[in-house]
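Working notes, structure below.
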Ligand SMILES: Cc1cc2nc3c(=O)[nH]c(=O)nc-3n(C[C@H](O)[C@H](O)[C@H](O)COP(=O)(O)O)c2cc1C
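Numbering (this note's numbering), first residue to last: 4 to 204.
Rendered as structure tokens:
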């Protein structure tokens with residue numbers, strides 16, 4: 004019974020707009036009664052997947068570079084928030100490498116049919132995706148959302164909600180959009196509350 008949410012931060016700008024939105028979502032999660040373990044992946048990057056396929060037979064990644072502690076947080080979590088800027092119509096490289104390293108979840112679930120997340124736990128796990136982009140275009144979130152949905156499926160955390168804000172190059176500071184910051188808080192709170200309700204029923 005963890006009531007813990009893993010918060011994965013994909014930008015390398017501490018105090019930037021992605022960070023501000025993630026902090027609001029975390030505040031919501033904590034107000035709802037959950038704890039949060041934040042993973043600042045750009046500050047502590049992991050190597051890319053080397054396709055040695057050790058995870059076809061073992062429930063872990065063969066590369067020893069500190070990834071395992073993040074992997075264990077993800078396994079334990081009752082919820083996940085992933086917050087990322089759009090970069091070149093996708094997500095930043097460090098975050099993508101982190102996601103690719105989660106292939107042991109995929110192999111366990113789809114190749115060996117022995118999911119790392121037990122069915123009772125999978126029923127609870129939800130993911131909130133926060134993503135911002137500079138351009139005032141509708142299609143900038145297509146790639147990031149597809150990646151986030153694939154990730155949520157692989158780690159058995161249902162893609163439950165998203166907060167997508169484009170046009171950041173013009174807006175500049177997200178604090179000019181208090182309604183978006185409020186939405187981050189509310190979505191974080193809803194994620195946390197659902198976990199508390201599930202765990203206490
Ligand atoms: C290398 C790089 C590539 C980017 N590519 C895109 C892009 O393809 N589409 C877009 O809308 N914004 C793009 N952006 C803009 C960022 O998404 C935007 O500046 C965002 O607000 C950064 O958030 P942060 O300061 O919280 O990291 C890019 C920024 C960088 C640095």
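In this text, a Cβ means the ideal position worked out from N, Cα and C, and glycines have one as well.
Small disclaimer: the values here were computed from a predicted structure and weren't measured.
> Is there contact between the region 13-25 and the region 173-180, where contact requires at least three CB pairs shorter than 8 angstroms?
Replying inline: yes
> Rounded to whole angstroms, how far is the Cβ of residue 9 from the Cβ of residue 40, which I believe are closer than 8 angstroms?
Replying inline: 5 angstroms
> Which value, in whole angstroms, describes the spacing of the CA atoms of residue 92 and residue 192?
Replying inline: 29 angstroms
>> Between 47, 15 and 7, which has its C-alpha nearest residue 34's C-alpha?
In response: 7
> Going by alpha carbons, who is nearest to residue 169 out of 112, 11, 32 and 90?
Replying inline: 90
>> With a threshold of 8 angstroms, are at least 3 pairs of Cβ atoms found where one atom belongs to the region 136-152 and the other to the region 112-124?
In response: no
> What is the residue span of the beta strand (DSSP E) that residue 83 lies within?
Replying inline: 82-88
>> Beta-carbon within less than 6 angstroms of residue 186's beta-carbon, same chain only, minus the 5 sequence neighbours each way: which residues are those?
In response: For residue 186, same chain residues with a beta-carbon under 6 angstroms away, outside a window of 5 residues either side, are 166 in chain order.
>> My parser needs the alpha helix (DSSP H) runs of 4 or more residues fully inside the region 141-168; what are they?
In response: 145-157
> What whole-angstrom Cβ distance do residue 160 and residue 83 have, given they're in contact under 8 angstroms?
Replying inline: Right, their Cβ atoms sit about 5 angstroms apart.
> Hey, would you say residue 101 sits closer than 7 angstroms to residue 49, going by beta carbons?
Replying inline: yes
>> Give me the DSSP bridge partner(s) of residue 134.
In response: According to DSSP, which records beta bridges pairwise, residue 134 is partnered with 87 and 167.
> residue 44 to residue 98, Cα distance in whole Å?
Replying inline: 6 angstroms
> So what does DSSP say about residue 31, is it helix, strand or coil?
Replying inline: helix
>> Let me check you understand the geometry: is the CB of residue 21 closer than 6 angstroms to at least one non-hydrogen atom of ligand 1?
In response: Flag set: Cβ of residue 21 near ligand 1.
> Which whole runs of the alpha helix (DSSP H) in the region 42-128 are 4 residues long or more, in chain order?
Replying inline: 70-79, 96-103, 106-109 and 122-127
> DSSP on residue 16, reduced to helix/strand/coil?
Replying inline: coil
> Tell me the DSSP bridge mates of residue 9?
Replying inline: 40 and 83
> What do you get for residue 190, buried or exposed, if any count of 16 or more other CB atoms within 10 angstroms of its CB means buried?
Replying inline: buried
>> Using only CA atoms, which one of 203, 201, 204 and 184 lies nearest to residue 31?
In response: 184
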